[in-house]
Ligand code: HEC
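Numbering (my numbering), first residue to last: 65 to 569.
Laid out in structure tokens, this is it:
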């Protein structure tokens, strides 16, 4: 588990950059549209003043002004009364277009702001539109009433506005012969001024927006980086604690492994010792037994009753001790013999075990039932026969005095292969003793008259475990016990409900 690399930092910086850039773009667009509104308002104002003044002129049918060098008669105005002589002074008619031109020229001289009268069908060629005006005029034919555009060229950055002029009653006086009708678009007044005039108001706000976004980005990025650094430190601490913990667990595990190794070694030594001792005890014991018999045979007649009884105890004790030593050796052997697992038919194994128990079976008149056929398992046939013999033998040994003994042997699939069950209707095993009975020389009831040294179950357990299985006791219904043990299967067994079992583990 590792904290993701610095991609997180880079990613969040990039994300903030995108967000801040979007906000900046949005705010700048807002300011631009604000600038556009200001420009439109300015242009409309001028347009409406010029339009009104022109209308005023038109309603008078044109106005007379003295002819001067700057204001000669309008060669395009066709009117018999264009020039009049009043008291020796020459006056000429100033039509709205002429007036507009003169005012516009005056204005132009002051710079920055200008306007111009134009039309797509000019009477005076000088009134012809420039390309931008022509385009604006053509949009009026489609019903628009005004156009505003920011026009940027290498020379200038300007707002250009055009408002339309409609034909009114007063205009027809002079323009009727051009076939204009009332309400038609006659032309327009274009207003032009430097964008700088409007932008002067907007630019400080733009700068502010830039600064604000810059500062905002730095703050957001800083806060994010600080937070991630904090997170990273926490994570590192956590990882370190985890590593320390893991190291500790590994250390403990190592120690435990050592202890287990030591234990196994001393266990093996102990077993070897027990085997050697048992083995070496056989000879002297045999001697005690045979000499006791010899004494009995040769001098039995010379002994009194007490002497013979004592000799009897001695022989009996020697026999019991021999049995114990034999069992111990058998137990040791069960732990030492190499196991070469082969496919083994438990059916055969059980028959062999029962054959060994013939005498006990006849004596107890017990019934051995097979519940279904027994499977083929992987193991050592002779050792498995020993297990079954010990278990069935135990069942006969601990049968209930009031019931005819009944032993049932069955098998069922198990997560580890097969589970073999040997059930009886005997005296049962109390819960407290269920672990103990599998230990060497631990008998259920030492005082009972039942013969045996208490090694049988220990041997069975050793053999089962050396086959990779385990053995345990359960209650049988309605009486008795079931000895159960597991053995590996030769071919995988389909265990019903094994998934749930695995999940529960
Ligand atoms: C007194 C006569 C007269 C009246 C009234 C008059 N005009 Fe004109 N107008 C002219 C003449 C002459 C011209 C052409 C030359 C010039 O003076 O630039 C002209 C030119 C124009 C032009 C410029 C394009 C061109 O044809 O050269 C427009 C647009 C225009 N008039 C619109 C109007 C409108 C709209 C009205 C009514 C509000 C109006 N005029 C009233 C005489 C008049």
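Glycine included, C-beta positions come from ideal geometry on N, C-alpha and C.
Apart from the five residues on each side of it in sequence, which residues of its chain come closer than 7 Å, Cβ to Cβ, to residue i?
i, result
"residue 186", "192"
"residue 205", "249"
"residue 345", "389"
"residue 385", "349"
"residue 474", "435, 436, 485"
Helix, strand or coil for residue i, going by three-state DSSP, please let me know.
i, result
"residue 291", "helix"
"residue 511", "Confidence is the limiting factor: at residue 511 the pLDDT is only 49, short of 50, which leaves the residue's position unreliable, though a coordinate-based value still follows. It is coil, neither helix nor strand."
"residue 381", "helix"
"residue 403", "coil"
"residue 535", "strand"
"residue 465", "coil"
"residue 306", "helix"
"residue 325", "helix"
"residue 160", "helix"
"residue 484", "strand"
"residue 134", "coil"
"residue 541", "coil"
"residue 470", "strand"
"residue 428", "helix"
"residue 498", "coil"
"residue 374", "helix"
"residue 355", "helix"
In whole angstroms, what is the alpha-carbon distance linking residue i and residue j?
i, j, result
"residue 102", "residue 144", "45 Å"
"residue 190", "residue 108", "24 Å"
"residue 446", "residue 524", "12 Å"
"residue 364", "residue 351", "18 Å"
"residue 62", "residue 297", "As shown, the chain starts at 65 and ends at 569. That puts residue 62 outside it, with no answer to give."
"residue 147", "residue 256", "33 Å"
"residue 448", "residue 528", "8 Å"
"residue 313", "residue 77", "40 Å"
"residue 372", "residue 416", "41 Å"
"residue 422", "residue 322", "48 Å"
"residue 570", "residue 434", "This structure cannot speak to residue 570, because the chain is shown only from 65 to 569."
"residue 244", "residue 174", "35 Å"
"residue 429", "residue 317", "54 Å"
"residue 84", "residue 73", "16 Å"
"residue 356", "residue 403", "40 Å"
"residue 285", "residue 180", "53 Å"
"residue 113", "residue 271", "34 Å"
"residue 167", "residue 264", "27 Å"
"residue 358", "residue 378", "12 Å"
"residue 306", "residue 281", "37 Å"
"residue 86", "residue 99", "20 Å"
"residue 324", "residue 308", "24 Å"
"residue 531", "residue 410", "14 Å"
"residue 106", "residue 121", "23 Å"
Among the options, which has the Cα closest to the Cα of residue i?
i, options, result
"residue 134", "390, 165, 528", "165"
"residue 136", "150, 121, 154", "154"
"residue 505", "394, 227, 289", "394"
"residue 491", "503, 329, 471, 480", "471"
"residue 274", "530, 460, 90", "90"
"residue 231", "266, 287, 123, 288", "123"
"residue 486", "466, 127, 465, 541", "541"
"residue 381", "369, 358, 353, 400", "353"
"residue 477", "551, 251, 328", "551"
"residue 178", "310, 111, 537", "111"
"residue 454", "184, 522, 207, 129", "522"
Answer yes or no: does any C-beta atom of chain C fall closer than 8 Å to that of residue i?
i, result
"residue 161", "Going by chain labels, chain C is absent from the structure shown, which holds only one protein chain."
I'd like the list of long-range same chain contacts for residue i, defined as Cβ closer than 8 Å, with 5 residues on each side in sequence excluded.
i, result
"residue 412", "445"
"residue 260", "221"
"residue 203", "211"
"residue 396", "335, 338, 339, 342"
Taking 6 Å as the limit between beta carbons, can you name the residues of its chain near residue i, skipping five residues before and five after?
i, result
"residue 125", "237"
"residue 535", "525, 528, 549"
"residue 200", "211, 226"
"residue 209", "228"
"residue 336", "none"
"residue 489", "467, 470, 543, 544"
"residue 10", "What is shown of the chain runs 65 to 569, which leaves residue 10 out entirely."
4-residue-minimum alpha helix (DSSP H) runs that sit fully inside the region 188 to 254, ordered along the chain | 195 to 205, 233 to 239
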